[in-house]
Amino acid sequence: MISVDRAVLKEGNASVRFENFGRYAGEWARLSQVVGVRPYRLYRLSCWVRSENMGDADPFGSGNFLLEVLGGDEKRPLQYQNPRVSSGGEWQKVAVGFNSWGYDKVEIVPKMRGAPEGKFWLDDLHVEEIGLVNVLRRPGTPLSVRSDEKGTQYEEGRDFAPVEDPQLNFRFDHDGPDIEITAGSRIREGERLRVSYYHGTNIYNGQTPLCMSEPKLYEIWHTQALLVHQALAPARYLLNMDEVRTGGSCEACKKRGMSMGQILGDCISRQFNLLREVNPKAEIFVWSDMLDPNHNADPNRRHYYLAEGSYAGSWNYVPKELGVVCWYFEKREASLRHFSALGFRTMAGAYYDAGNLNNPKGWLEALDATPGACGIMYTTWLNKYDLLGPFGDLVSRAN
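Under my numbering, read the sequence shown as residues 46 to 444, first letter to last.
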């Protein structure tokens with residue numbers, strides 16, 4: 046299934062070829078190498094890839110090709126970007142970025158899966174430390190430049206020009222900006238500098254979480270709430286606060302001395318209050334997963350993506366007037382029971398693009414047994430509305 050190919054290659058003398066995926070349907074073929082890194086540094090992992098007849102990726106999954114990075118002996122995943130690879134047979138360069146956090150070694154794991162007749166080539170795998178790519182410039186992400194020898198703290202605008210990434214896109218397909226020394230700078234020619242900064246990243250196919258602790262965020266949301274109310278005056282809102290996959294690592298978060306559960310709860314509460322300020326009668330709902338110990342707020346979950354800390358207990362910091370949309374079908378009874386016992390109204394996020402209505406039927410049975418249940422929603426990721434009519438008939442009969 047994995048072999049050296051000296052005929053089809055991009056660089057050097059050979060590439061690695063993966064094929065015969067049909068013998069191991071649904072399983073990943075992978076390579077692995079442990080490399081040394083320096084803690085809390087930003088790295089780029091890149092390679093050249095080529096594929097033929099790999100088939101379509103699962104729209105709910107992570108694609109047919111991943112570049113995993115696992116930190117230390119505990120093998121914590123350090124990057125979740127999905128390189129999207131063409132199946133046209135041409136060579137394509139892909140790159141992802143990762144922060145080493147507190148680890149001094151990481152395991153690099155390229156892996157792929159595909160259709161039975163598919164072929165995949167990998168060449169020129171490269172790991173490099175990079176600087177100032179996707180550097181964040183806001184009050185909660187300060188940048189520091191100091192002398193490595195004497196510790197002198199240099200001043201932005203006086204000793205070096207203002208720093209920003211003009212290509213800021215939360216991808217790692219570009220280099221970061223240089224530090225430009227100003228006229229009259231105290232920085233000496235050839236002086237070694239220590240630069241401390243915060244960088245952004247994305248998750249999966251471009252999701253870029255915001256910082257829930259930055260005050261400017263709530264000014265922006267307040268303006269948006271007013272504009273939405275003026276234009277539409279909705280009777281109901283659904284807060285898009287699900288799968289919050291980063292947080293807790295910047296200075297704005299750390300200075301608060303709060304857990305991730307408290308930070309999230311405060312963020313949701315402030316959104317609730319903003320909307321009630323513009324419309325005191327508005328019904329406000331939120332997705333369940335980040336408030337559910339049976340889901341992404343599991344107190345036993347060691348790591349949740351790139352968040353620094355657990356979301357456990359988040360449900361204790363949101364208003365009871367909030368409605369909760371539960372969507373974890375396999376644990377629907379436990380989720381509904383959790384929120385109902387705390388006094389929340391509940392709704393089901395049902396369907397999720399199946400070819401039948403078995404999912405909504407299961408939810409309706411669970412809702413019937415749940416005090417405070419108030420509704421069910423047709424939920425599609427793929428804009429599949431063929432069963433919307435039958436769904437409406439099913440719900441009407443249930444009522």
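Idealized CB from N, CA, C, for every residue including glycine.
All figures in this text were calculated on a predicted structure; none of them were measured in a lab.
Near residue i, which residues of its chain fall below 8 Å by C-beta distance, leaving aside the five closest residues on each side in sequence?
i           : result
residue 149 : 81, 82, 83, 84, 117
residue 178 : 87, 89, 142, 210, 217, 219, 220, 221, 244
residue 406 : 439
residue 404 : 374, 395, 396, 397
residue 282 : 320, 327, 328, 329, 330
residue 227 : 202, 203, 204, 205, 206
residue 146 : 84, 85, 116, 121, 123
residue 311 : 257, 303, 362
residue 248 : 125, 126, 254, 290, 291, 350, 351
residue 379 : 339
For residue i, does the count of other Cβ atoms within 10 angstroms reach 16, so buried, or fall short, so exposed?
i           : result
residue 265 : exposed
residue 105 : exposed
residue 168 : buried
residue 270 : buried
residue 334 : buried
residue 124 : buried
residue 69  : exposed
residue 383 : buried
residue 166 : buried
residue 77  : exposed
residue 426 : exposed
residue 46  : exposed
residue 241 : exposed
residue 277 : exposed
residue 292 : buried
residue 126 : buried
residue 199 : buried
residue 139 : buried
residue 268 : exposed
So what's residue i in DSSP terms, helix, strand or just coil?
i           : result
residue 265 : helix
residue 78  : strand
residue 408 : helix
residue 219 : coil
residue 244 : strand
residue 389 : coil
residue 320 : helix
residue 113 : strand
residue 310 : helix
residue 340 : coil
residue 394 : strand
residue 420 : strand
residue 105 : coil
residue 170 : strand
residue 429 : coil
residue 125 : coil
residue 327 : coil
residue 441 : helix
residue 139 : strand
residue 69  : helix
residue 357 : coil
Among the residues of its own chain, which have a CB less than 7 Å from the CB of residue i, if the five just before and after it don't count?
i           : result
residue 160 : 66, 98, 99, 100
residue 230 : 204, 205
residue 317 : 329, 364, 367
residue 294 : 353
residue 213 : 179
residue 250 : 127
residue 55  : 93, 136, 168, 169
residue 287 : 332, 334, 335
Contact defined as beta carbons within less than 8 Å: I believe residue i pairs with residue j. What is the distance between those atoms, to the nearest angstrom?
i           : j           : result
residue 237 : residue 154 : That belief does not hold up - the Cβ atoms of residue 237 and residue 154 are roughly 34 Å apart, past 8 Å.
residue 339 : residue 373 : 7 Å
residue 164 : residue 60  : Rounded, the Cβ-Cβ distance is 11 Å, inconsistent with contact.
residue 185 : residue 258 : 6 Å
residue 71  : residue 158 : 7 Å
residue 411 : residue 433 : Between residue 433 and residue 411 the Cβ distance is about 21 Å, and since that is not below 8 Å, they are no contact.
residue 369 : residue 336 : 7 Å
residue 436 : residue 409 : With a Cβ gap of about 11 Å, residue 436 and residue 409 do not count as contacting.
Spell out whether any CB of chain B is found under 7 Å from the CB atom of residue i.
i           : result
residue 224 : Considering every chain present, this structure includes no chain B. It has just one protein chain.
By Cβ distance below 6 Å, which residues in the same chain neighbour residue i in space, the five residues on each side in sequence not counted?
i           : result
residue 170 : 92
residue 448 : For residue 448 there is no data in the structure shown, the boundaries of the chain being 46 and 444.
residue 234 : none
residue 224 : 205
residue 307 : 362
Exercise for the section: Take every Cβ of the region 179–191, pair it with every Cβ of the region 109–126, and state whether three or more of those distances are shorter than 8 Å. Expected result: no
Handout entry: Segment contact flag, the region 386–402 with the region 418–434, C-beta cutoff 8 Å, min 3 pairs
Key = yes
Exercise for the section: Evaluate contact between the region 377–391 and the region 350–358, counting only Cβ atoms and requiring at least three cross-stretch pairs below 8 Å. Expected result: no
Practice task
Assess, as a yes-or-no matter, whether the region 298–313 is touched by the region 272–283 under the definition of 3 or more beta carbon pairs within less than 8 Å.
Solution key: no
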